[in-house]
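2 protein chains.
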Amino acid sequence: MPAAKPPAVTVDLVVFTIRDRQLHVLLVQRGIPPFEGQWVLPGGFIREEETLEQAAQRELDEETGVRDVYLEQLFTFGDPGRDPRGRVVTVAYYALIASDQTPLVARTDARAAQWSPVANHPPLAFDHEHILSYAVERLRNKLEYTTVGFQLLPRRFTLGELQAVYEAILGRPLDKRNFRRKLALLGILEPVKEHRRERGRPAQLFEFSARKFTKLKDVGIIFPF
Amino acid sequence: MPAAKPPAVTVDLVVFTIRDRQLHVLLVQRGIPPFEGQWVLPGGFIREEETLEQAAQRELDEETGVRDVYLEQLFTFGDPGRDPRGRVVTVAYYALIASDQTPLVARTDARAAQWSPVANHPPLAFDHEHILSYAVERLRNKLEYTTVGFQLLPRRFTLGELQAVYEAILGRPLDKRNFRRKLALLGILEPVKEHRRERGRPAQLFEFSARKFTKLKDVGIIFPF
DNA sequence: CCAAAAGTGTTAGGAGTACACCCATGG
DNA sequence: CCATGGGTGTACTCCTAACACTTTTGG
Chain V
44 MPAAKPPAVT
54 VDLVVFTIRD
64 RQLHVLLVQR
74 GIPPFEGQWV
84 LPGGFIREEE
94 TLEQAAQREL
104 DEETGVRDVY
114 LEQLFTFGDP
124 GRDPRGRVVT
134 VAYYALIASD
144 QTPLVARTDA
154 RAAQWSPVAN
164 HPPLAFDHEH
174 ILSYAVERLR
184 NKLEYTTVGF
194 QLLPRRFTLG
204 ELQAVYEAIL
214 GRPLDKRNFR
224 RKLALLGILE
234 PVKEHRRERG
244 RPAQLFEFSA
254 RKFTKLKDVG
264 IIFPF
Chain C
44 MPAAKPPAVT
54 VDLVVFTIRD
64 RQLHVLLVQR
74 GIPPFEGQWV
84 LPGGFIREEE
94 TLEQAAQREL
104 DEETGVRDVY
114 LEQLFTFGDP
124 GRDPRGRVVT
134 VAYYALIASD
144 QTPLVARTDA
154 RAAQWSPVAN
164 HPPLAFDHEH
174 ILSYAVERLR
184 NKLEYTTVGF
194 QLLPRRFTLG
204 ELQAVYEAIL
214 GRPLDKRNFR
224 RKLALLGILE
234 PVKEHRRERG
244 RPAQLFEFSA
254 RKFTKLKDVG
264 IIFPF
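Chains as they are written, first to last, in my numbering: chain V, 44 to 268; chain C, 44 to 268.
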């Protein structure tokens, strides 16, 4: 039934995290031609028995050892010529990793992997530059009307850290008082009986309240800053 | 390089239009097994030399004879088992057709094609029910922060018709005065020297002003009703 | 003259934005 | 004591939402 020469189907991942208050992306170095030695987004072929999302989960697990993270389909790229080896259609996903879970897993193959600041990353092979910038754009939009930002922080965080996440991704400073009022208004943060002390006045720690959040979920959250 | 048994890759289309103030979708009746005689979304295999979007354009042209319409990638569906014949990954697109351009093209194959009201359509085979509802949801969201609504109307239209489009898709009544004020504020409609007369007071006809619109494009349009 | 749709303003409430100072701690 | 980040309130503007009557035409 398939037409002649079906294309290969891969899944590519744009894995984001926050490191020292900057948005980082996971890159791997190719060990084989084409583009040997150049940096690319992690990815691989889909297997027969798995869904696209499971393929993305599996790749993510293989690269980082992290599970249960925010994962969302981004876009499907399939231009002929995007891969010199032949027709490859890639379904791109992006993932958000909490900043306390970013250790990379011991790698089984020869390729190196590293977190790179999005604002200053090595050139990428294939059309991965394009995929990355599309993912950043999506993340930026998503940030404005959902609560994905929390996915990038550990379970407990300060309001300063949260604001830094938003500022890093949106690329502009936010007003501290307005930011805090907005969050208070949303009522999805739960203060915990603990403070973080480092440089300056100790900061109240908060947790994201899944309970309160799910109530809002149906209503639809608008989250502009 | 490809893994064993690469999946087939198809493009499926959710083609929307407005007919007598209701949202309609284009469906075709399968002429061959599986699901012979059942209704599905139009679609087909991608060709070697074309991009995904070109494949979608081509399918759309074949089905409706319409070109230069709003077309946007929706989502890629690839669960194993979504097609009984084997692994098929489908990249779904949705398209918006102006209501004065909805005649279907003379069909070259045996299948029937028809416009069905989304609110009352025949059951769909494969996972096309799922694809359709996802498309409706996307359209609804898109309507709230962009100007896609105009794509569903002929070049000249009345404010009543435009409001009816929004109401049909959003599924709720809108306040006439607020709706009109909002549009006046956006300033992207150009009144033309013509009125439409039918049942009741004649209505001013408007055109979408591409010139005024592109100015806004960079600024970013928010379009809530 | 009646049915049908077009057209038109005001008000009250909520959200966004701009803005500056004091507080608690570690070094 | 000083550097560092934490924490707080008010005023203005703008957008949204609610709401009802008159106008113009065809039949």
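Think of the CB as a built atom: it goes at the ideal place given N, C-alpha and C, for glycine as much as any other residue. Since we're looking at a predicted model, the values are computed, not measured.
As assigned by DSSP and simplified to three states, the class of Leu84/C: Coil, per DSSP.
Alpha carbon of Arg128/C to alpha carbon of Pro165/V, nearest angstrom: Between Arg128/C and Pro165/V, the C-alpha separation is close to 43 Å.
Which of helix, strand or coil DSSP assigns to Val208/C: It is helical.
Chain-ordered residues of the segment 128-159 of chain C with a beta carbon less than 9 Å from chain V: Of all residues in the segment 128-159 of chain C, Arg128, Gly129, Arg130, Val131, Val132, Val134 have a Cβ within less than 9 Å of some Cβ in chain V.
Exposure label - Thr60/C; buried when at least 16 CB within 10 Å: Burial of Thr60/C is indicated by the presence of at least 16 other C-beta atoms within 10 angstroms of its C-beta.
Where the segment 90-106 of chain V meets chain C: residues whose CB sits under 8 Å from a CB there: The residues in question are Arg90, Glu91, Glu92, Glu93, Thr94, Leu95.
Rounded separation between Leu217/V and Ala207/V - CA only: Taking the CA atoms as reference points, Leu217/V sits about 9 Å from Ala207/V.
Reduced DSSP category for Leu114/V - H, G, I as helix; E, B as strand; rest coil: Of the three classes helix, strand and coil, the one that applies to Leu114/V here is strand, per DSSP.
Segment limits, beta strand (DSSP E) that includes Glu172/C: In the DSSP annotation of this structure, Glu172/C is not part of any beta strand (DSSP E); the continuous alpha helix (DSSP H) holding it starts and ends at 171-188.
Per-residue burial, Asp63/V [other beta carbons within 10 Å of its own, 16 or more giving buried]: With fewer than 16 other Cβ atoms within 10 Å, it is exposed.
Separation of Ala227/C from Lys236/V, as counted between CA atoms: The alpha-carbon atoms of Lys236/V and Ala227/C are separated by roughly 52 Å.
Any C-beta of chain C under 7 Å from that of Pro50/V: Yes, Pro50/V lies at the interface with chain C (some Cβ there is under 7 Å from its Cβ).
Chain V contact residues for Pro123/C, given Cβ-Cβ distances below 8 Å: Those within 8 Å of Pro123/C in chain V are Glu91, Glu92, Glu93, Thr94.
Pair within 7 Å by beta-carbon distance, Ala211/V and Gln65/V: Taking the C-beta atoms as reference points, Gln65/V is found nearer than 7 Å to Ala211/V.
Short CB-CB distance (under 7 Å) between Thr190/V and chain C: No, Thr190/V lies away from the interface with chain C (no Cβ there is under 7 Å from its Cβ).
Neighbouring residues, chain V, relative to Gln116/C (Cβ below 9 Å): Residues of chain V passing the Cβ test: Phe118, Thr119.
Selection from Glu79/V, His171/V, Thr107/V that minimises the alpha carbon distance to Leu117/V: Closest by alpha carbon: His171/V.
Where Glu241/V falls, given that 16 or more other Cβ within 10 Å makes a residue buried: Classification for Glu241/V: exposed.
Rounded Cβ spacing between Ala98/V and Pro49/C (contact assumed at less than 8 Å): About 13 Å separates the two Cβ atoms, so there is no contact after all.
Arg101/V - containing alpha helix (DSSP H), residue span: Unbroken alpha helix (DSSP H) run through Arg101/V: 95-107.
Validate contact between the segment 102-121 of chain C and the segment 196-203 of chain C using beta carbons, cut 8 Å, 3 pairs: The segment 102-121 of chain C vs the segment 196-203 of chain C: no contact.
Cross-strand partners of Glu92/V (DSSP beta bridge): Paired residue(s): none; Glu92/V is not in a bridge.
Whole-angstrom C-beta distance between Phe249/V and Ile174/V, which should lie under 8 Å: Their Cβ separation, rounded to whole angstroms, is 33 Å, which puts Ile174/V and Phe249/V out of contact at 8 Å.
Cα-Cα separation, Val57/V to Leu84/V: Taking the straight line from one Cα to the other gives about 6 Å.
Gln65/V - partner residues in DSSP beta bridges: Looking at the DSSP output, Gln65/V bridges to Arg62/V.
Sub-7 Å separation of Leu139/C and Tyr113/C beta-carbons: With respect to the 7 Å criterion, Leu139/C and Tyr113/C are classified as neighbours on the basis of their beta carbons.
Bounding residues of the beta strand (DSSP E) (the contiguous stretch that carries Lys48/V): In the DSSP annotation of this structure, Lys48/V is not part of any beta strand (DSSP E), being labelled neither H nor E.
Spatial distance of Leu70/V from Leu205/C (CA atoms): Approximately 47 Å, taken between the alpha carbons.
Pairwise C-alpha distance: Pro234/V and Ala162/C: Rounded to whole angstroms, the separation of the alpha carbons of Pro234/V and Ala162/C is 45 Å.
Reference Phe88/V; option with closest CA among Val132/C, Lys219/C, Ala168/C, Arg183/C: The option with the nearest alpha carbon to Phe88/V is Val132/C.
Rounded C-alpha distance that separates Glu269/C from Leu167/V: In the structure as shown, chain C starts at 44 and stops at 268, and residue 269/C therefore has no counterpart that could be examined.
Neighbour-count burial assignment, Val262/C, 16 or more Cβ in a 10 Å radius: Any reading at Val262/C must be qualified, since the residue scores a pLDDT of 41, below 50, and its modelled position is unreliable; no value is offered.
Whole-number beta carbon distance between Ala141/C and Leu195/C, since they are thought to touch under 8 Å: Contact annotation, Leu195/C with Ala141/C: C-beta distance approximately 6 Å; criterion of less than 8 Å satisfied.
Below-7 Å beta-carbon distance, Ser176/V vs any chain C residue: With 7 Å as the cut-off, Ser176/V does not count as an interface residue toward chain C.
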